[in-house]
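First comes the structure, then the notes that go with it.
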Amino acid sequence: MKITITKNEREFDVTAAWRIIGQMLEKPDSVIGLSTGQTTINMLAIVSEIHTKYPFDVSRITLFNVDELTNLPREYSGSCYTMILNQIVGPLGISEENFIMPPTMSNDFESEAKLFEQKLAARGGADLQMLGLGANGHIGINQPGTPFESETWVSPMDPDFEARVRRETKVPDDVILGGLTRGIKNIMHTRKLILVVKGAHKAEMVKKAVLGPVTTDIPASVVQLHPNCEVLLDADAASKLGNLENYRP
Ligand code: GLP
52 MKITITKNER EFDVTAAWRI IGQMLEKPDS VIGLSTGQTT INMLAIVSEI HTKYPFDVSR
112 ITLFNVDELT NLPREYSGSC YTMILNQIVG PLGISEENFI MPPTMSNDFE SEAKLFEQKL
172 AARGGADLQM LGLGANGHIG INQPGTPFES ETWVSPMDPD FEARVRRETK VPDDVILGGL
232 TRGIKNIMHT RKLILVVKGA HKAEMVKKAV LGPVTTDIPA SVVQLHPNCE VLLDADAASK
292 LGNLENYRP
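Quick note: the sequence shown, position 32, residue 83 per the numbering used here, numbers continuous.
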């Protein structure tokens, strides 16, 4: 595992943006998994800005998101589909067929989860997965306790996260929210992972995920076992890591 610590938030956003662009340039038919939230919003805007100023070919790039909320209309501003569409798919002009997302509404999410992974597999599998870190250590929507062999599924949401989604999306109280998320096994089968974390509020969780034992109690700790994983942090998120000189990947 490689740990990259940027000086500040701006450098973090720009570095992360270039990781995505680098992947697109290096392999023009890349299958790239993104992640929504406060952590990724600026980096996706920077990718879009750079592409506008210095256009490069994205006609064979496939984008998807690691997770999606369920039981909300897809057009709802808080759905991952709409966020990723507005933040990067639209600005880059990625075609609809190259934007792979599970539906937000279905009577059979189990089949939809399988279909989603089959579509990614049909394109050669995911090359890169950007992962955010949940306050409780979740990745995607895989909550603490999720088995490492979990495959793309509808996960319960932790109450804090659900409250936040409800606050941010203003979803009516009578709608039962869930989260279709790539399973930990699917995430680990991605060729390259980048765990992106910024902010002092996540510093303690970063320490547990990166330096602590690999445990299902902290789903993000599993990335320590991935052969091609980078943890990209801003200085605040890295502030509890201490002296990394003795760190042995
Ligand atoms: C939610 C999303 C994750 C995201 C995480 C972090 O859990 N489902 O994919 O990584 O939030 O969000 P934020 O960056 O806003 O802290």
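For each residue, glycine too, the CB sits at the ideal point set by N, CA and C.
All values reported here derive from a predicted model rather than from experimental measurement.
Excluding residues up to 5 positions away in sequence, Thr133 lie with their Cβ nearer than 7 Å to the Cβ of Glu126 in the same chain.
Annotated three-state conformation of Leu184 is coil, per DSSP. Counting the other Cβ atoms within 10 Å of the Cβ of Asp178 gives 16 or more, which makes it buried. Assignment of beta strand (DSSP E) within the stretch 219-262, counting only whole runs of 3 or more residues, yields 229-232, 243-248 in chain order. Scanning its chain for C-beta atoms nearer than 7 Å, with the 5 sequence neighbours on each side dropped, one finds around Gly185 the residues Phe212, in chain order. The beta carbon of Ser86 sits closer than 7 Å to at least one heavy atom of the ligand GLP. For Asp80, the secondary structure class from DSSP, reduced to helix, strand or coil, is coil. The ligand GLP never approaches Gly196 closely enough for any of its heavy atoms to be under 7 Å from the residue's Cβ. Counting along the chain, no beta strand (DSSP E) covers Ile135; the unbroken alpha helix (DSSP H) around it starts and ends at 131-135.
For Gln169, the CB stays at least 7 Å from every heavy atom of the ligand GLP. DSSP places Phe167 inside the alpha helix (DSSP H), whose first and last residues are 160-173. Within the same chain, and ignoring the five residues on either side of Val248 in sequence, the residues whose Cβ sits closer than 7 Å to its Cβ are Thr90, Leu184, Val257, Leu284, Ala288. Pairing Thr113 with Ala164 gives a Cβ-Cβ distance that is not under 8 Å.
Note: Lys53 is bridge-paired with Glu281 in the DSSP secondary-structure output. The DSSP-derived three-state label of Thr266 is coil.
In the three-state reduction of the DSSP assignment, Thr121 falls in the strand class. Ranked by how close their Cα comes to the Cα of Val65, the residues Asp80, Ser99, Gly229 have Ser99 in first place. Relative to the ligand GLP, the nearest heavy atom lies less than 7 Å away from the CB of Thr90. With a contact defined as Cβ atoms closer than 8 Å, Ser290 and Ala254 qualify at about 5 Å.
Cβ contact annotation for Ile269 (same chain, cutoff 8 Å, sequence separation greater than five): Gly188, Pro195, Met256, Lys259, Ala260, Gly263, in chain order. For Leu114, the enclosing beta strand (DSSP E) covers residues 113-116.
Under the three-pair Cβ rule at 8 Å, the stretch 106-120 does not count as touching the stretch 266-282. Pro106 and Leu136 have their alpha carbons spaced roughly 18 Å apart. Ranked by Cα distance from Ile97, the options Pro142, Ser157, Lys236 are led by Pro142.
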